[in-house]
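> For reference, the structure I am asking about is given below.
Protein chains: 2
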Amino acid sequence: MDERPLILITNDDGVYAKGLAELIEVIRLFGNIVVVAPDSPRSGMGHAITVDHPLRVTRLQQEEGLLIYSCTGTPADCVKLACNQLLEKLPDFIISGINHGANTSVSILYSGTMGATLEGCIHGVPSIGFSLNDYSSEADFSKAKIVVARVFQAVAQHGLPEGVCLNVNVPQGDVKGINFCRQTRGKWVEEFEKRTDPHGREYYWLKGYFNNAEAEALDTDDFALLNGFASVVPVSTDLTAYSAFQQMQKWKF
Amino acid sequence: MDERPLILITNDDGVYAKGLAELIEVIRLFGNIVVVAPDSPRSGMGHAITVDHPLRVTRLQQEEGLLIYSCTGTPADCVKLACNQLLEKLPDFIISGINHGANTSVSILYSGTMGATLEGCIHGVPSIGFSLNDYSSEADFSKAKIVVARVFQAVAQHGLPEGVCLNVNVPQGDVKGINFCRQTRGKWVEEFEKRTDPHGREYYWLKGYFNNAEAEALDTDDFALLNGFASVVPVSTDLTAYSAFQQMQKWKF
Chain A
33 MDERPLILIT NDDGVYAKGL AELIEVIRLF GNIVVVAPDS PRSGMGHAIT VDHPLRVTRL
93 QQEEGLLIYS CTGTPADCVK LACNQLLEKL PDFIISGINH GANTSVSILY SGTMGATLEG
153 CIHGVPSIGF SLNDYSSEAD FSKAKIVVAR VFQAVAQHGL PEGVCLNVNV PQGDVKGINF
213 CRQTRGKWVE EFEKRTDPHG REYYWLKGYF NNAEAEALDT DDFALLNGFA SVVPVSTDLT
273 AYSAFQQMQK WKF
Chain B
33 MDERPLILIT NDDGVYAKGL AELIEVIRLF GNIVVVAPDS PRSGMGHAIT VDHPLRVTRL
93 QQEEGLLIYS CTGTPADCVK LACNQLLEKL PDFIISGINH GANTSVSILY SGTMGATLEG
153 CIHGVPSIGF SLNDYSSEAD FSKAKIVVAR VFQAVAQHGL PEGVCLNVNV PQGDVKGINF
213 CRQTRGKWVE EFEKRTDPHG REYYWLKGYF NNAEAEALDT DDFALLNGFA SVVPVSTDLT
273 AYSAFQQMQK WKF
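The following block contains the structure:
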């Protein structure tokens with residue numbers, strides 16, 4: 033009887049991304065892997081799901097302990113389809129990534145990597161999203177894989193509280209350590225670039241830079257990352273702002 | 033000089049949805065309106081943004097105190113484009129909806145209505161998302177509009193804490209009152225429907241039902257809605273699970 037854990041892997045850079053292959057390589061050490069990943073990049077999809085179109089699935093690879101599917105949907109679709117249709121039982125862990133590019137601060141809300149991770153958490157499965165602070169398609173994941181192994185082993189040992197998953201970001205280059213952090217306050221400042229197409233019609237490209245609203249806060253994920261540490265933020269699927277209730281008690285509708 | 037507030041309106045059912053027209057009608061009482069809404073339905077888009085394609089914008093209507101644009105992007109794109117490109121200054125309020133269908137519990141994560149609302153909050157603008165518990169394209173919004181007016185006036189009077197926006201859901205039929213609530217614990221149980229296309233290839237339709245994990249909890253948004261009350265959940269853009277830190281202190285990486 034096979035006692036190895038069943039681990040679902042997905043990502044948002046698509047099934048052919050280097051970060052996915054690197055994640056598979058390290059996570060295979062710990063269990064049997066089923067990959068269900070988007071058939072092409074789905075960056076910026078957040079927690080989007082596909083309700084107006086049907087989904088298609090293609091089996092790409094099958095060998096001992098590794099089964100790989102591609103899916104036409106979003107990262108969150110991949111998790112739903114795997115947990116409810118493709119797998120015979122719920123996986124023991126759901127791992128998303130390794131994303132090409134950081135997902136700190138409010139980027140978690142736009143991140144397909146973390147959309148899939150939150151979806152795994154909603155399904156009651158211990159779920160972790162990993163991102164490397166390097167957008168290059170040929171990024172070096174060698175140090176990130178060590179972080180993946182260590183964080184995975186800690187989760188396997190301790191479990192995760194109900195309704196909590198992990199958002200892990202890894203710096204480029206050497207990693208000085210792994211720190212628990214909170215989400216940085218900040219926002220992306222967009223400066224849309226307006227262009228005119230060959231037919232004279234205007235269009236806009238989204239571009240922007242991250243504006244850290246608390247660059248000196250030592251306990252934030254961006255501070256950790258910028259100072260060479262991997263950040264581990266425990267993330268809740270409950271978005272209720274409990275601290276706001278007291279202030280609102282005086283409201284009359 | 034025009035002292036009326038500038039109010040940005042968007043939604044995820046698209047610029048031609050009845051819920052948007054109803055929202056415009058009631059919010060016009062309180063200020064000058066700019067609408068930037070998707071050119072077609074974007075349900076289930078969550079906080080998705082468009083990074084791989086350019087966006088196009090079309091001016092549909094302009095009259096005293098009302099300017100309507102459609103946009104090829106997601107609800108969150110609409111807010112970004114309005115705040116950073118189309119408007120001369122940040123709006124005083126951002127209102128999203130009225131969605132055709134409820135957005136209680138974890139549905140907030142999949143909801144384009146709330147993706148736009150969270151995006152407004154990230155921009156530092158008091159932001160409210162409204163949803164009616166009726167998926168019909170011809171739903172009756174007459175009672176919902178009263179809730180919209182009352183909640184809007186309360187926000188205009190008291191403001192909202194930094195990093196907090198509101199998720200408001202309105203029941204069908206008579207509304208017994210408006211209650212502050214927390215997000216219900218629960219999940220969607222998906223039962224994908226597998227079909228075969230005329231070419232013999234399989235595809236899957238997402239379908240499911242909501243499973244309330246705490247149906248008797250009086251302080252939840254689903255309990256309010258099912259019992260004829262409108263629910264107001266204060267929602268945070270900070271997803272850090274602060275309660276998890278203590279438990280994780282013993283972890284060693």
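Chains as they are written, first to last, in my numbering: chain A, 33 to 285; chain B, 33 to 285. Every residue gets a Cβ at the ideal spot worked out from N, C-alpha and C, and that includes glycine. Just so it is clear, the structure is predicted and the values come from calculations on it, not from any experiment.
Kindly say whether Ser128(A), judged by its beta-carbon, lies nearer than 8 Å to any beta-carbon of chain B.
Position 96 of the first sequence, counting from 1, holds the residue named residue 128(A). Chain B, which has no Cβ nearer than 8 Å to the Cβ of Ser128(A), makes this no.
> Hey, Pro70(A) and Pro107(A): beta-carbon distance below 8 Å or not?
As a first step, residue 70(A) is located in the first sequence; it is residue number 38 there, counting from the start. As a first step, residue 107(A) is located in the first sequence; it is residue number 75 there, counting from the start. In contact: Pro70(A) and Pro107(A) (Cβ atoms closer than 8 Å).
> So, helix, strand or coil for His79(B), using DSSP?
Locating residue 79(B) in the second sequence gives position 47, counting from the first residue. Reduced to three states, the DSSP call for His79(B) is coil.
> Can you list the alpha helix (DSSP H) stretches of 4 or more residues lying completely in the segment 209–265 of chain B, in chain order?
Listed in chain order, the complete alpha helix (DSSP H) runs (minimum 4 residues) inside the segment 209–265 of chain B are 253–258.
> Using 8 Å as the limit for Cβ to Cβ distance, is Leu92(B) near chain A?
In the second sequence, the residue the question calls residue 92(B) occupies position 60. Output row for Leu92(B): interface = no.
> How would you write the range of the alpha helix (DSSP H) that Gly129(B) sits in, first residue to last?
Taking the second sequence and counting its residues from 1, one reaches residue 129(B) at position 97. Segment 125–132 is the beta strand (DSSP E) holding Gly129(B); no alpha helix (DSSP H) there.
> Does the beta carbon of Gly147(B) sit closer than 8 Å to a beta carbon anywhere in chain A?
Here residue 147(B) is taken as the residue at index 115 of the second sequence, counted from 1. With 8 Å as the cut-off, Gly147(B) counts as an interface residue toward chain A.
> Compare the C-beta of Asn43(A) with all C-beta atoms of chain B and state if any pair is closer than 8 Å.
For the purposes of this step, residue 43(A) is identified with residue 11 of the first sequence, where counting begins at 1. Cβ-Cβ to chain B under 8 Å: no for Asn43(A).
> Label Ser143(B) either buried or exposed according to how many other C-beta atoms from any shown protein chain fall within 10 Å of its C-beta, with 16 as the threshold for buried.
The count along the second sequence starts at 1 and reaches residue 143(B) at position 111. The residue is buried, with at least 16 neighbouring Cβ atoms inside 10 Å.
> Determine, using beta-carbon pairs with one atom in the segment 35–42 of chain B and one in the segment 55–68 of chain B, whether at least three such pairs fall under 8 Å.
Contact between the segment 35–42 of chain B and the segment 55–68 of chain B is present, because at least three Cβ pairs lie under 8 Å.
> Determine whether the Cβ of Thr136(A) lies closer than 8 Å to any Cβ atom of chain B.
By 1-based counting over the first sequence, the position of residue 136(A) is 104. By this cut-off, Thr136(A) is not an interface position.
> With contact counted as at least three CB pairs below 8 Å, one residue from each stretch, are the segment 160–171 of chain A and the segment 131–143 of chain A in contact?
Yes: the two stretches touch, three or more of their Cβ pairs being nearer than 8 Å.
> For Ile140(A), return the contacting residues in chain B, with the cut-off set at a CB-CB distance below 7 Å.
Translated into positions along the first sequence, residue 140(A) becomes position 108. Under the 7 Å cutoff, chain B gives Leu271.
> If Asn201(B) sits next to Asp253(B), beta carbons under 8 Å apart, how far is it from one beta carbon to the other, in whole angstroms?
The residue given as residue 201(B) occupies position 169 in the second sequence. The residue given as residue 253(B) occupies position 221 in the second sequence. At roughly 6 Å, the Cβ-Cβ gap stays under 8 Å, so Asn201(B) and Asp253(B) are in contact.
> Name the chain B residues whose beta carbon is nearer than 8 Å to that of Glu223(A)?
Working through the first sequence from its first residue, we reach residue 223(A) at position 191. Correct list: Asn116.
> Would you please verify whether the beta carbon of Val200(A) is less than 8 Å from any beta carbon of chain B?
Position 168 of the first sequence, counted from the start, is the residue given in the question as residue 200(A). Answer no: the Cβ-Cβ gap between Val200(A) and chain B never drops below 8 Å.
> Give me the Cβ distance between Pro86(A) and Tyr241(B), rounded to the nearest whole Å; I'm assuming they're in contact under 8 Å.
In the first sequence, residue 86(A) corresponds to position 54, counting from 1. In the second sequence, residue 241(B) corresponds to position 209, counting from 1. Wrong, their Cβ atoms sit about 19 Å apart, outside the cutoff.
> Rank Met280(B), Phe162(B), Leu198(B), Val179(B) by C-alpha distance to the C-alpha of Val265(A) and give the top, closest one.
Within the first sequence, numbered from 1, the residue matching residue 265(A) stands at position 233. Closest option to Val265(A), Cα to Cα, is Met280(B).
> Quick check: Cys103(A) and Ala148(A), are their CB atoms within less than 8 Å of each other?
Within the first sequence, the letter at position 71 stands for residue 103(A). Within the first sequence, the letter at position 116 stands for residue 148(A). Going by C-beta atoms, Cys103(A) is not nearer than 8 Å to Ala148(A).
> Could you name the residues of chain B that Gln204(A) contacts, counting a contact when the two beta carbons are closer than 8 Å?
Sequence index remark: in the first sequence, residue 204(A) carries index 172 (1-based). None at all; the shortest Cβ gap to chain B is about 19 Å.
> Are three or more beta carbon pairs between the segment 56–63 of chain B and the segment 77–94 of chain B nearer than 8 Å?
Touching, no, given that fewer than three Cβ pairs across the two stretches are closer than 8 Å.
> Mind checking if Phe277(A) is an interface residue toward chain B, Cβ cutoff 8 Å exclusive?
Position 245 of the first sequence, counted from the first residue, corresponds to residue 277(A). Yes, contact with chain B.
> Chain B partners of Val83(A), CB-CB under 8 Å?
Taking the first sequence and counting its residues from 1, the one referred to as residue 83(A) is at position 51. By Cβ distance, chain B contributes Ser75, Gly76, Leu238.
> Who does Ile100(A) pair with in a DSSP beta bridge?
As a working mapping, residue 100(A) is identified with position 68 in the first sequence. DSSP, once it has assigned bridges, lists Val67(A), Gln93(A) as partnering Ile100(A).
> Using a Cβ cut-off of 7 Å, pull out every chain B residue sitting near Val196(A), in sequence order please.
Start at 1 with the first residue of the first sequence, and residue 196(A) comes out as number 164. By Cβ distance, chain B contributes Ala273, Ala276.
> Starting from Gly161(B) and walking both ways along the beta strand (DSSP E), at which residues does that stretch end?
Working through the second sequence from its first residue, we reach residue 161(B) at position 129. Residues 159–164.
> Kindly indicate which residue of Glu225(A), Arg217(A), Lys282(A), Asn243(A) has the alpha-carbon position closest to the one of Ser268(B).
Along the second sequence, read from residue 1 onward, the residue named residue 268(B) stands at position 236. The residue with the shortest Cα to Cα distance from Ser268(B) is Arg217(A).
> What number of angstroms, rounded off, separates the C-alpha of Asn244(A) from the C-alpha of Gln215(B)?
Residue 244(A) sits at position 212 when you count from the first residue of the first sequence. Residue 215(B) sits at position 183 when you count from the first residue of the second sequence. Their Cα atoms are separated by approximately 28 Å.
> With a CB to CB cut of under 7 Å and the five nearest residues on each side skipped, what residues in its chain are close to Thr228(A)?
On the first sequence, residue 228(A) is found 196 positions in, with the first residue counted as 1. Counting only Cβ-Cβ distances below 7 Å, and skipping sequence neighbours, we find Glu234.
> For chain B, is any of its Cβ atoms less than 8 Å away from the one on His155(A)?
Counting from one through the first sequence, the residue named residue 155(A) turns up at place 123. Yes, contact with chain B.
> Does any C-beta atom of chain B lie closer than 8 Å to the C-beta of Phe285(A)?
As a first step, residue 285(A) must be located in the first sequence, where it is residue number 253. Judged by the 8 Å Cβ criterion, Phe285(A) is in contact with chain B.
> One question on the structure: do Phe224(B) and Gln117(A) come within less than 8 Å of each other, judged by their Cβ atoms?
In the second sequence, the residue the question calls residue 224(B) occupies position 192. In the first sequence, the residue the question calls residue 117(A) occupies position 85. It is a contact, given that the beta carbons lie within the stated cut-off.
> By alpha-carbon positions, which one of Ser159(B), Lys219(B), Asp84(B), Ala249(B) ends up nearest to Gly156(A)?
As a position in the first sequence, residue 156(A) is number 124, starting the count at 1. Comparing Cα positions, the closest option is Lys219(B).
> Return the Cβ separation of Asp172(B) and Gly260(B) in integer angstroms, given the expectation that the two are a contact with Cβ distance under 8 Å.
For the purposes of this step, residue 172(B) is identified with residue 140 of the second sequence, where counting begins at 1. For the purposes of this step, residue 260(B) is identified with residue 228 of the second sequence, where counting begins at 1. Not a contact, Cβ separation roughly 15 Å.
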